[in-house]
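This report refers to the structure that appears directly beneath it.
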Amino acid sequence: MLKIGTRGSALATTQAGHVRDALAAAGYEAELKVVTTAGDLSQDPVERIGVGVFTSALREALFTGDVDVAVHSFKDLPTAPEPRTHLIVPEREDNREALIARDGLTLAELPEGARVGTSAPRRVSQLKALRPDLDIRPLRGNIETRMGRVTSGELDAVILAYAGLCRGGHAERATEVFAPEVIMPAPAQGALAVECRVDDQEARNAIDSLVDPAATRCAAAERQVLATLEAGCTAPVAAYARSEGEQVVARGGVFALDGSASLVEEARGADAAALGRTIAERLLERGAAELIG
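The opening position of the sequence shown corresponds to residue 1 in UniProt numbering, with each subsequent residue numbered one higher.
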């Protein structure tokens, strides 16, 4: 029986539950084991504490043998490779951004000065470019807590990853889902990273049964943009890719926090990592480092 390590939030256990069910369908018995992280106990915004506190606790449980498999939101993992783990990407959920607004409003329909919740610099910068009049407020907590701030009237709207809404059974709460050309998502948004110890052959065989080649290529291209820019996952950097046969079409962008400027590059190729590097190098040539700050 494989032990799957997960954070204890409803979204995390739902994501890990999908992995457990997929492993069972492939003939591998597995159960969930909740790992409490320092991030779960903190009320500080993720941008202050860093998403690494969530992933490092899961990896530590993996290395100590408390769990055999760890399930992460891929966008939360550091871009540096971890040589002690074997990592795969299963089928990916929708990677777009979603608006949850009062009265079914879209972004264009929100009144002037509307209070919109998000703490992600990538979202803040793109929102300010589209609607400089908005009053953007910090946002922390699980999906239910964030949506609850709209229901309670404290905020007029919040921006969330559509993948989390879909996985959590809340897709119908989205009042607008943005094309990635309008609001570009985080690199690897909607993708899960499933890891085991590199020397655990049984667990490797199990998780390898879940690999999605197209999702793997696209996530690799997107994360390489971030890695080459040497930007953390909370920097105002976005990327998305789509698979077209053996080719990947990828786009990356960096944004000024005040919404005053943006740089976007697109490329196509068969080598996902090379594609991500090409996009990032073009962005750096155009001044991306200064824009990120």
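We put the beta carbon where it would ideally sit given N, CA and C, even for glycine.
Item: Where does residue 24 land, buried or exposed, given buried means 16+ other C-beta within 10 angstroms?; Value: exposed
Item: Could you compute how far the alpha carbon of residue 234 sits from the alpha carbon of residue 4?; Value: 27 Å
Item: Is residue 241 closer than 9 Å to residue 250 when the C-beta atoms are compared?; Value: yes
Item: Comparing C-alpha positions only, which one of 82, 91, 76 sits nearest to residue 62?; Value: 82
Item: Distance check for residue 72 and residue 215, CA to CA, integer angstroms please.; Value: 15 Å
Item: If you draw a straight line from the C-alpha of residue 292 to the C-alpha of residue 254, how long is it?; Value: 7 Å
Item: CA-CA distance, residue 32 and residue 94?; Value: 24 Å
Item: Look at the alpha carbon of residue 49 and the alpha carbon of residue 57, and state the distance between them as a whole number of angstroms.; Value: Bear in mind that the predicted position of residue 49 carries a pLDDT of just 39, short of 50, making it unreliable; the figure below should be weighed with that in mind. Using only the alpha carbons, I get a separation of about 14 Å.
Item: Just checking my contact of residue 104 with residue 13 at CB under 8 Å: how many whole Å lie between their CB atoms?; Value: Actually they are not in contact, since the Cβ atoms of residue 104 and residue 13 sit about 30 Å apart, beyond 8 Å.
Item: Alpha carbon to alpha carbon, how far is residue 196 from residue 113?; Value: 47 Å
Item: Tell me which residue opens and which closes the alpha helix (DSSP H) that residue 172 is part of.; Value: From DSSP, residue 172 is part of no alpha helix (DSSP H); its letter is neither H nor E.
Item: Can you say whether residue 272 is buried or exposed, counting buried as having 16 or more other CB atoms within 10 angstroms of its CB?; Value: buried
Item: Measuring CB atoms only, is the stretch 186 to 195 touching the stretch 84 to 93, in the sense that at least three cross pairs come out at less than 8 Å?; Value: yes
Item: If we ignore side chains and look at the alpha-carbon of each, how far apart do residue 282 and residue 265 end up?; Value: 7 Å
Item: Tell me which same chain residues have a C-beta within less than 6 Å of the C-beta of residue 67, skipping the five on either side of it?; Value: 3, 5, 33, 61
Item: State the start and end residues of the unbroken beta strand (DSSP E) segment that holds residue 89.; Value: Per DSSP, residue 89 belongs to no beta strand (DSSP E) and is neither H nor E.
Item: Give me, in chain order, the residues of the same chain whose beta-carbon lies closer than 8 Å to that of residue 10; leave out the 5 immediate sequence neighbours on both sides.; Value: 142, 143, 144, 168
Item: Looking only at DSSP bridge pairs, what is residue 100 linked to?; Value: 158
Item: Please state whether the Cβ-Cβ distance between residue 79 and residue 226 is less than 9 Å.; Value: yes
Item: What is the residue span of the alpha helix (DSSP H) that residue 223 lies within?; Value: 213 to 229
Item: Check the C-beta distance from residue 278 over to residue 267 and give it rounded, since I have them as a contact under 8 Å.; Value: 5 Å
Item: Please report the distance separating the alpha-carbon of residue 188 from that of residue 115.; Value: 28 Å
Item: Could you spell out where the alpha helix (DSSP H) holding residue 135 opens and where it closes?; Value: Note, residue 135: premise wrong, no alpha helix (DSSP H); beta strand (DSSP E) at 135 to 137.
Item: Give me the Cβ distance between residue 149 and residue 117, rounded to the nearest whole Å; I'm assuming they're in contact under 8 Å.; Value: 6 Å
Item: Where residue 179 and residue 127 are concerned, what is the direct C-alpha to C-alpha distance, given to the nearest angstrom?; Value: 14 Å
Item: Could you give the DSSP three-state label for residue 254: helix, strand or coil?; Value: strand
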